[in-house]
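Novice: The structure follows.
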Amino acid sequence: YRVVMPDAGCCGRTLISVGMLAEATRTCARTATNLLNTLQQENAVALLALEPSCLSAIKDDWLDLKMAVDAKQLNELAARSMLVEEFLDARWNEHPRRPEIAAGHESVLFHGHCHQKALWGSQSGARVLRRIFGDRLSVLDSGCCGLAGSFGYAAHRYDLSMAIGEQSLFPAIRGAPDAVIVAPGTSCRQQLRDATDAQPLHPVELIAKLVTENGASNPTSSH
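Using the numbering used here, the first residue of the sequence shown is number 24, and each one after it goes up by one.
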């Protein structure tokens, strides 16, 4: 695949999450228009997102905002949008060429993002990892990390943020010191680094690490 990374603008998640809906509507309309134009110009097969909260804005919140963008186009955009790891999993078997990925021998713990779990389930990110790690992958039945976007950044909510993470997520991470920790959410990875000293990876980071370290990738294979 030829990957295009357009500077389309912000998904509006940060504005939506604090109730700035008028500003969010204008921001999201600009971004949606830019993305729709890019998809058409590039004849793109999909719009891929690394961050679940950004994708949730496109697939969920954008459809409710009263934007100056055709609703049919927004629905079509939402239908073509997915996580990178979802795209890889969906096309894994049908693609004629792909890099060889050495089977990982580590134990892997997967913590799903809250938006991801609510809208698509943790398996939307875990399926492609299970192809590589099999039963060495454990999907944590964990609650929120406590950071929740900008919620945990406020000094007066720090203690509450940590208490939320301590309910289920932090103990599970500390209880598996030798495991590789995977979390698709940016906020989740930051919170885990601060609270547990773990060094969590995005799912695609872990997959890329297995490819490049073993020198198995073909320059013309899918990316």
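Every residue, glycine too, gets a C-beta built ideally from N, C-alpha and C.
Please list, in chain order, all residues of the same chain as Ala55 whose beta carbon is under 7 Å from its beta carbon, the five residues on each side excluded.
Specialist: Counting from 1 along the sequence shown, the entry for residue 55 is found at position 32. Trp85, Met90, Val92, Leu97, Leu100, listed in sequence order.
Novice: Quick one: grab the DSSP three-state call for Ile187.
Specialist: Against the sequence shown, residue 187 aligns to sequence position 164. Ile187 falls in the helix class under three-state DSSP.
Novice: Take the Cβ of Leu229 as the centre, count every other Cβ of all protein chains shown within 10 Å, and call the residue buried at 16 or more, exposed below.
Specialist: As a position in the sequence shown, residue 229 is number 206, starting the count at 1. Result: buried.
Novice: Hey, which unbroken runs of the beta strand (DSSP E) at 3 residues or more fall wholly within the segment 87-142?
Specialist: Fully enclosed beta strand (DSSP E) runs of 3 or longer: 104-106, 131-133.
Novice: Tell me whether the beta-carbon of Arg36 lies closer than 8 Å to the beta-carbon of Ala102.
Specialist: Your numbering for residue 36 matches position 13 in the sequence shown. Your numbering for residue 102 matches position 79 in the sequence shown. In this structure, Ala102 does not lie closer than 8 Å to Arg36 by Cβ.
Novice: Using 10 angstroms around the beta-carbon of His118, count the other beta-carbons present and answer buried if the total reaches 16, otherwise exposed.
Specialist: Position 95 of the sequence shown, counted from the start, is the residue given in the question as residue 118. Burial call: exposed.
Novice: For the structure I just gave you, are there three or more beta carbon pairs, one from the segment 186-199 and one from the segment 160-168, closer than 8 Å?
Specialist: The answer is yes - the segment 160-168 touches the segment 186-199, with three or more Cβ pairs under 8 Å.
Novice: Between Ile39 and Ala47, how many whole angstroms is the CB-CB distance? I'm expecting something under 8 Å.
Specialist: The sequence position of residue 39 within the sequence shown is 16, counting from 1. The sequence position of residue 47 within the sequence shown is 24, counting from 1. Yes, they are in contact, since the Cβ atoms of Ile39 and Ala47 sit about 5 Å apart, within 8 Å.
Novice: Using the three-state DSSP reduction, which class does Val41 fall into: helix, strand or coil?
Specialist: In the sequence shown, counting from the first residue as 1, residue 41 sits at position 18. Three-state DSSP puts Val41 in coil, outside helix and strand.
Novice: Whole alpha helix (DSSP H) runs in the segment 146-183 with 4 or more residues, listed along the chain?
Specialist: List check, alpha helix (DSSP H) in window: 146-156.
Novice: Alpha carbon to alpha carbon, how far is Leu170 from His136? Give it in angstroms, no decimals.
Specialist: Residue mapping note: residue 136 aligns to position 113 of the sequence shown, counting from 1. Residue mapping note: residue 170 aligns to position 147 of the sequence shown, counting from 1. Going by the C-alpha atoms only, they are around 11 Å apart.
Novice: Figure out for me which residue from Leu106, Leu44, Val27 has the closest Cα to the Cα of Arg87.
Specialist: Locating residue 87 in the sequence shown gives position 64, where the first residue counts as 1. Note that residue 87 is Asp in the sequence shown, not Arg. Residue Leu44 is the option with its Cα nearest to Asp87.
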